[in-house]
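There are 2 protein chains.
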Amino acid sequence: MGASKIIDYTEEQILVAKYAKALSHPARMAIMQLLLTKQSCICGDIVDELPISQSTVSQHLKELKEAGLIRGQIDGVSICYCINESEWAKLTELLGHFFEKRHVKTSSCC
Amino acid sequence: MGASKIIDYTEEQILVAKYAKALSHPARMAIMQLLLTKQSCICGDIVDELPISQSTVSQHLKELKEAGLIRGQIDGVSICYCINESEWAKLTELLGHFFEKRHVKTSSCC
DNA sequence: CATATCAATCGTAATATTACGATAAACCTT
DNA sequence: AAGGTTTATCGTAATATTACGATTGATATG
Chain V
331 MGASKIIDYT
341 EEQILVAKYA
351 KALSHPARMA
361 IMQLLLTKQS
371 CICGDIVDEL
381 PISQSTVSQH
391 LKELKEAGLI
401 RGQIDGVSIC
411 YCINESEWAK
421 LTELLGHFFE
431 KRHVKTSSCC
Chain R
331 MGASKIIDYT
341 EEQILVAKYA
351 KALSHPARMA
361 IMQLLLTKQS
371 CICGDIVDEL
381 PISQSTVSQH
391 LKELKEAGLI
401 RGQIDGVSIC
411 YCINESEWAK
421 LTELLGHFFE
431 KRHVKTSSCC
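Rendered as structure tokens:
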């Protein structure tokens, strides 16, 4: 009876996994880096800088948007994408919380 | 000619995406949290604490191992899993580098 | 209004992921 | 050697991901 069988995953595990999944493709990492470092976030510019087609970029943008990491805003004909600051803050906080647990040195067997 | 079309993704983007993919499932997040916080890392104990079958846990462990995040060591009949400290350090460093870019406030359009 | 541009969506194909039970392999115990 | 325990792998099915070209819809421009 010592072990506590997990009925289901925690909210934190599900949420971090969701964020990680959003970042789990080089194209989406590249998009995030563009948005994090450059001010230009017009969709067309992103397409120009990635080695994949426009439709595929659009699909990746959709995934990032559905994960809540970015937002899109209509600007005439173009769409301007940018980091969703509040969600990004949540992600960094969660990751920070996750990583700082490592400060407790625990591993012993290997 | 202003835009520089990316021939391929950077090493950093590929590597972070690989780590993110490894963490992109609640079961693998749960496993990592177990290894990060508990000392017991026997495979059987992990199986006992997750809501999925032994074979599925084994598959997830394999993915984490292939991503380099964990290591396994034979301990008699059992296998003892633990964090791969050097790889974990690399991951945290990469993520830190990635996140600290946000300190440069750039977004303007949305 | 006609046309061009930009981005999303559709349709589709190839591949990957996730899960399970069953089985196999490796190791201890008796 | 026989039997039990632990973990990996196989086989398989269901679903998801990734990519592309083609098309659509929306907005601007002539």
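Protein sequence lines correspond, in order, to chains V and R.
To convert, take the position in the first sequence, counting from 1, and add 330; that gives my numbering.
To convert, take the position in the second sequence, counting from 1, and add 330; that gives my numbering.
Beta carbons are placed, not taken as given, at the ideal position from N, Cα and C, and that holds for glycine.
Query: Leaving aside the five residues before and after residue 347(R) along the sequence, list all residues of the same chain whose C-beta is less than 7 Å from its C-beta, in chain order.; Result: none
Query: Contact check, residue 376(V) vs residue 410(V) under 8 Å by CB: the rounded distance?; Result: With 8 Å as the limit, residue 376(V) and residue 410(V) do not qualify as a contact, their Cβ atoms being about 10 Å apart.
Query: State whether the segment 340 to 355 of chain V contacts the segment 354 to 365 of chain R, with contact taken as three or more CB pairs (one from each stretch) at a distance under 8 Å.; Result: yes
Query: Just verifying my parser: in three-state terms, what is the DSSP assignment at residue 408(V)?; Result: strand
Query: Rank 342(V), 400(V), 337(V), 374(V) by C-alpha distance to the C-alpha of residue 407(V) and give the top, closest one.; Result: 374(V)
Query: So residue 343(R) and residue 360(V) are supposed to be a Cβ contact under 8 Å. How far apart are they, rounded?; Result: 5 Å
Query: For residue 398(V) versus residue 417(V), is the C-beta spacing smaller than 8 Å?; Result: yes
Query: Is residue 372(R) helix, strand or coil by DSSP?; Result: strand
Query: Suppose you measure from the CA of residue 428(R) to the CA of residue 378(V); what does that come to, to the nearest Å?; Result: 22 Å
Query: Helix, strand or coil: how does DSSP classify residue 398(V) here?; Result: coil
Query: Compare the C-alpha of residue 396(R) against each of 345(R), 425(R), 405(R) and name the closest.; Result: 345(R)
Query: With a Cβ-Cβ cutoff of 8 Å, do residue 424(V) and residue 400(V) count as a contact?; Result: no
Query: Return the Cβ separation of residue 350(V) and residue 350(R) in integer angstroms, given the expectation that the two are a contact with Cβ distance under 8 Å.; Result: 4 Å
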